[in-house]
Amino acid sequence: MLLENLISTNQGLPGIVHKANEKLLEIYKATNNKAKTTQTLRWLLLNERRFDLDLYNEYKSHFSKDKWTDELEKLISEKEDSDFAESIFVEEKMYDKLFDAVKKSHARWNSFYKLEEYSELLAKDYAAELIQMFKESLEDSVKKLNSRPQYAELAEHLENFSKIPGGKEVALSIRDNWLETYKKRPAMVDELKRARL
Numbered sequence: 035m036l037l038e039n040l041i042s043t044n045q046g047l048p049g050i051v052h053k054a055n056e057k058l059l060e061i062y063k064a065t066n067n068k069a070k071t072t073q074t075l076r077w078l079l080l081n082e083r084r085f086d087l088d089l090y091n092e093y094k095s096h097f098s099k100d101k102w103t104d105e106l107e108k109l110i111s112e113k114e115d116s117d118f119a120e121s122i123f124v125e126e127k128m129y130d131k132l133f134d135a136v137k138k139s140h141a142r143w144n145s146f147y148k149l150e151e152y153s154e155l156l157a158k159d160y161a162a163e164l165i166q167m168f169k170e171s172l173e174d175s176v177k178k179l180n181s182r183p184q185y186a187e188l189a190e191h192l193e194n195f196s197k198i199p200g201g202k203e204v205a206l207s208i209r210d211n212w213l214e215t216y217k218k219r220p221a222m223v224d225e226l227k228r229a230r231l
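Heads up, the final residue of the sequence shown is numbered 231 in this note's numbering, and it's a clean run with no missing numbers.
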């Protein structure tokens, strides 16, 4: 088939390969070729730049409940330590695995990104651990700041932190400590006082 040949001869050009697979998917669906449809859906799902929930659900619909469990493990292992795997954890409500991913990311980057993205989902079962990670990220971050926009961002992180059950008291305590420690930085004091805690 022309499209399959196009794919095999253009492996170094991902845009062309992707478009060809999308066209193939249309053909396989139209001809009711279930095996090829499933195979192409899988390829597209794993090669999308971002997790595509519609594609994911369409792919999932090709499996019985029992077979999906095995396939799910394969998908996760192929995309381990990625946003893709985390999106699966969210979609499948695998919050223990999601927490492990957040913890691993925190240990590596000590940033707020994953903490803030997933804290609402994880706070019910992991509030104490999230509070500890937030504290570590805040203490690490405050040492590197030197401009008003950075101070404003720090205040925003404090606000997000305060929304975790048990986080408000800790966030207030940290802010009060900083107001004293950094009282000679008026811009920082100003932004910290604006934080809605």
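Built from N, CA and C at the ideal position, the CB exists for glycine as well.
Within 10 Å of its beta-carbon, does residue i have 16 or more other beta-carbons around it, so buried, or fewer, so exposed?
{"i": "A54", "result": "buried"}
{"i": "R142", "result": "exposed"}
{"i": "S196", "result": "buried"}
{"i": "T65", "result": "exposed"}
{"i": "T215", "result": "exposed"}
{"i": "E120", "result": "buried"}
{"i": "R83", "result": "exposed"}
{"i": "T236", "result": "Since the first residue shown for the chain is 35 and the last is 231, residue 236 is missing from the structure and cannot be characterised."}
{"i": "L87", "result": "exposed"}
{"i": "A135", "result": "buried"}
Considering only the alpha carbon of each residue, which of the options lies closest to residue i?
{"i": "L89", "options": "K101, N67, E56 and D104", "result": "E56"}
{"i": "P199", "options": "F123, A162 and H52", "result": "A162"}
{"i": "K158", "options": "N144, Q73, S171 and F133", "result": "F133"}
{"i": "L59", "options": "G46, G49 and L78", "result": "L78"}
{"i": "N67", "options": "H96, N81, G46 and E187", "result": "H96"}
{"i": "R230", "options": "V223, E151, E214 and N194", "result": "N194"}
{"i": "V204", "options": "E82, L109, L164 and Y152", "result": "L164"}
{"i": "S181", "options": "G49, M222, Y160 and D104", "result": "M222"}
{"i": "I61", "options": "S98, S175, F85 and L36", "result": "L36"}
{"i": "D117", "options": "N81, D100, K217 and E92", "result": "N81"}
{"i": "A174", "options": "K63, K113 and I208", "result": "As written in the sequence, residue 174 is Asp, which differs from the Ala given in the question. That would be I208, whose Cα lies nearest to the Cα of D174."}
{"i": "V124", "options": "P220, S153 and K138", "result": "S153"}
{"i": "I110", "options": "V176, R76 and K137", "result": "R76"}
CB-CB under 7 angstroms to residue i, same chain, minus the five flanking residues each way: which ones, in chain order?
{"i": "M167", "result": "H140 and L149"}
{"i": "N94", "result": "As written in the sequence, residue 94 is Lys, which differs from the Asn given in the question. Once the five neighbours on either side are set aside, the close Cβ partners of K94 are W102."}
{"i": "A189", "result": "E225, L226, R228 and A229"}
{"i": "A186", "result": "E225"}
Hey, quick one: how far does the alpha helix (DSSP H) through residue i stretch, first residue to last?
{"i": "H235", "result": "This structure gives no information on residue 235, because the portion of the chain shown stretches from 35 to 231."}
{"i": "T71", "result": "K68 to N81"}
{"i": "I198", "result": "No alpha helix (DSSP H) contains I198, which DSSP labels as neither H nor E."}
{"i": "N55", "result": "P48 to A64"}
Output needed for residue i: all residues of its chain with C-beta closer than 8 angstroms, excluding positions within five of it in sequence on either side, in chain order.
{"i": "E126", "result": "L106"}
{"i": "S171", "result": "H140, N144, S145, F146, L149 and H191"}
{"i": "Q45", "result": "V51"}
{"i": "K202", "result": "S196 and L231"}
{"i": "P48", "result": "N81"}
{"i": "L213", "result": "V223, L226 and K227"}
{"i": "L156", "result": "Y129, L132, F133, V136 and L164"}
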